[in-house]
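Everything on this sheet refers to the single structure shown next.
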Amino acid sequence: MFVKTLGFMALVSAATLLAPLSQAASLSAAEQEELKQLKDTTLNSDLSYQLIESLTTEVGNRMMGTPGDEKAVIWAQEKMKALGFDKVWTEEISNELWLRGEAQAKIVAPYPQKMTILALGGSVGTSSDGITAPVAHFATLDALKAAKPGSLDGKIAFVSYRMERHIDGHGYGAAVGTRVVGASIAAEKGALALIMRSVGTDNNRTAHTGLMRYKDGVKQIPAAALSNPDADLLVNQLKRGKPVSFHLNMSSSREKQLVKSANVIGEITGSEKPNEVVVIGAHLDSWDVGTGALDDGLGIGMVLSAAHYIAKLPKRPKRSIRVILFAAEEIGLLGAKDYVKRHKNDMDKHMIGAEWDFGSGRIYQMTPGVGASALNGVRELAGYLAPLGVSLSPENNARAQSDMGLLSDAGMPSINFSPDGLAYFDYHHTENDTLDKVNAEDLKQTTAVYTLFSYFAAQSGIDFRQ
1326 MFVKTLGFMA LVSAATLLAP LSQAASLSAA EQEELKQLKD TTLNSDLSYQ
1376 LIESLTTEVG NRMMGTPGDE KAVIWAQEKM KALGFDKVWT EEISNELWLR
1426 GEAQAKIVAP YPQKMTILAL GGSVGTSSDG ITAPVAHFAT LDALKAAKPG
1476 SLDGKIAFVS YRMERHIDGH GYGAAVGTRV VGASIAAEKG ALALIMRSVG
1526 TDNNRTAHTG LMRYKDGVKQ IPAAALSNPD ADLLVNQLKR GKPVSFHLNM
1576 SSSREKQLVK SANVIGEITG SEKPNEVVVI GAHLDSWDVG TGALDDGLGI
1626 GMVLSAAHYI AKLPKRPKRS IRVILFAAEE IGLLGAKDYV KRHKNDMDKH
1676 MIGAEWDFGS GRIYQMTPGV GASALNGVRE LAGYLAPLGV SLSPENNARA
1726 QSDMGLLSDA GMPSINFSPD GLAYFDYHHT ENDTLDKVNA EDLKQTTAVY
1776 TLFSYFAAQS GIDFRQ
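So the mapping is simple: this note's numbering equals the position in the sequence shown, first residue as 1, plus 1325.
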């Protein structure tokens, strides 16, 4: 198969990637022993969990523009310094403020029922009196797209598509389009508002928020997500063949006021090639519901711990290990966009990177996105990770997760670690994203994987671009 890697095309077959390792190991016997010690230390430590507990207890939710986000930037700097990072700094960003306000909804007729609803991130609100209008039902986003212009005049559009549950979370892609672009599509057809089934796999009466975007030149209408049980209830009323009237009242607003946040960056300085960096990351912000324990407290705890364990070694690895806690991921990857812009002239020094921003269980697979000559090194790393239950994907096409995907696009070789995500979208972007959902034992395994990857990439000296 052809694999696009770092701006050039490399022909890499699955057989080549998974072939037996035929060259000398990149790590010496002493370095392999150090790697083993790191694994043992990580698997017997609860540091990652304690960091997540601290973040969720002392800071809580941290959407950009809220007091929690300000506290999170300070919290992250203090933790990095306490954990032994050699350098800690911030890179500031700014953006317009969005206020969630309050949201209420109910079915008015034929059978009055209260609904559980959340405004989508970035949505405008209704008037103070709200909107009461007939519901026009669409099973999918494509069905809404196919509606004739003007056919939704005076109506509220409702998309009932339900996200499918998969271990790798790929059902998200099929469901999230309505959340992102559905409001503008509905507005183009004449709708007064958009309501949709939450992008989630749970049956809890909790709604899922998430970012939406308006299309330039199209009227901005309110957009909100119903909990899955309430979406079912609305569908059941529609099945009875009677007109359904719905009331929506939202006080969310988009403000012209600029608010600030910052990427928080820390480094463990390399002993031989300090200007070459291995990058691991997560996003520091969260939505303003729940406490952001899974999204992305898990990633924060993991990458801070990984760097800490390596910092405690008698000697720093050859390359620097850089931890980036990105700002404002939830509202449009703003911190990542700023980082790539600031660091465009030194992206060639970003040797490889990996982010955590999905999943709640153990990592089961590693997928590289590296140059063909680096595949022997990837297979060596896979050998060290195999005892942790991590297999090597036959593909070599990884784009890093979330924020760090923009660094991949800018030329950084990448690794994607695939965790068990079966339960992740039960809690994603909801009030239920809280500490009790974190599995402390699974977290030890995921932290160990990121620790071993970081040490190997920094110490081996492999040029992952070649």
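Where a beta carbon is used, it is the ideal one built from N, C-alpha and C, also for glycine. None of the values given here were measured: they were computed from a predicted structure.
Unbroken alpha helix (DSSP H) run spanning residue i, endpoints
i	result
Asn1386	Counting along the chain, Asn1386 falls outside any alpha helix (DSSP H), and DSSP gives it neither H nor E.
Leu1360	1354-1368
Arg1667	1659-1667
Gln1402	1392-1407
Gln1770	1765-1785
Ala1500	1496-1513
Gly1624	1623-1636
Phe1750	1749-1752
Lys1470	1466-1471
Asp1734	1730-1734
Identified DSSP bridge partners for residue i
i	result
Thr1415	Val1589
Pro1459	Ser1570
Pro1792	Nothing in the structure corresponds to residue 1792, since the chain is present only between 1326 and 1791.
Ile1481	Val1460, Ala1518
Leu1559	Note: Leu1559 sits in no beta bridge, so no partner.
Glu1421	Leu1583
Ile1688	Pro1744
Met1440	Ala1430
Ser1578	Leu1424
Ser1716	Gln1690
Gly1446	Leu1536
The beta strand (DSSP E) enclosing residue i, as first and last residue numbers
i	result
Gln1429	1428-1434
Arg1644	1644-1651
Pro1599	1598-1608
Ile1677	1675-1680
Leu1760	Run containing Leu1760: none; DSSP gives neither H nor E here.
Leu1700	Element bounds for Leu1700: not the beta strand (DSSP E) but the alpha helix (DSSP H), 1700-1710.
Ala1550	1548-1551
Residue from the options whose Cα sits closest to the Cα of residue i
i	options	result
Gln1582	Leu1638, Asp1621, Val1589, Trp1423	Trp1423
Ser1453	Ile1677, His1572, Thr1381, Ala1512	His1572
Ala1636	Ile1432, Lys1412, Ile1656	Lys1412
Val1703	Gly1714, Val1602, Ile1688, Pro1719	Pro1719
Ala1296	Glu1358, Ala1407, Pro1459, Arg1425	It is not possible to answer for residue 1296, since the shown part of the chain is limited to 1326 through 1791.
Glu1513	Asp1734, Glu1489, Leu1469, Met1488	Leu1469
Asp1758	Thr1616, Ala1587, Thr1771	Thr1616
Ser1570	Ala1430, Ser1716, Asn1764	Ala1430
Arg1538	Asp1527, Ile1787, Gly1746, Ala1548	Ala1548
Met1627	His1608, Val1695, Trp1612	His1608
Asp1728	Trp1612, Ala1679, Gln1791	Ala1679
Ser1509	Ala1482, Arg1490, Gly1496	Ala1482
Asn1529	Thr1755, Ser1578, Phe1781	Thr1755
Exposure of residue i, with buried meaning 16 or more beta-carbon neighbours within 10 Å
i	result
Gln1784	buried
Leu1342	Reliability fails at Leu1342, whose pLDDT of 49 lies under 50, so the model's placement of it is uncertain and no value is given.
Gly1730	buried
Thr1382	exposed
Val1543	exposed
Gln1402	buried
Lys1404	buried
Lys1849	What the structure shows of the chain is the stretch from 1326 to 1791, and residue 1849 is not part of that stretch, so it cannot be assessed.
His1633	buried
Asp1467	exposed
Phe1327	Any answer about Phe1327 is weak, because its pLDDT of 25 lies below 50 and its placement is not dependable; what the coordinates show is given next. It is exposed - the Cβ of Phe1327 has fewer than 16 other Cβ atoms within 10 Å.
Ile1399	exposed
Tyr1752	buried
Asp1555	buried
Ala1527	The residue you asked about is not Ala; residue 1527 is Asp in the sequence shown. With 16 or more other Cβ atoms within 10 Å, it is buried.
Met1676	buried
Gln1362	exposed
Ser1347	Summary for Ser1347: the model assigns pLDDT 44, below 50, so the residue's position carries little reliability, and this model does not support an answer.
Asp1478	exposed
His1533	buried
Trp1612	buried
Thr1776	buried
Gln1562	buried
Glu1655	buried
Integer-rounded CB distance, given that residue j should sit under 8 Å from residue i
i	j	result
Ala1652	Ile1418	5 Å
Met1691	Leu1710	6 Å
Ile1546	Ala1500	The Cβ separation is near 20 Å, so there is no contact.
Ile1646	Glu1592	7 Å
Ile1740	Phe1778	6 Å
Asp1394	Asp1610	6 Å
Gly1694	Met1575	The Cβ separation is near 41 Å, so there is no contact.
Arg1687	Gly1657	That belief does not hold up - the Cβ atoms of Arg1687 and Gly1657 are roughly 30 Å apart, past 8 Å.
Closer than 7 Å: residue i CB and nearest the ligand FAD heavy atom
i	result
Arg1487	Inclusion of the ligand FAD in the displayed structure is not the case, the ligand content being empty and no account of it being possible.
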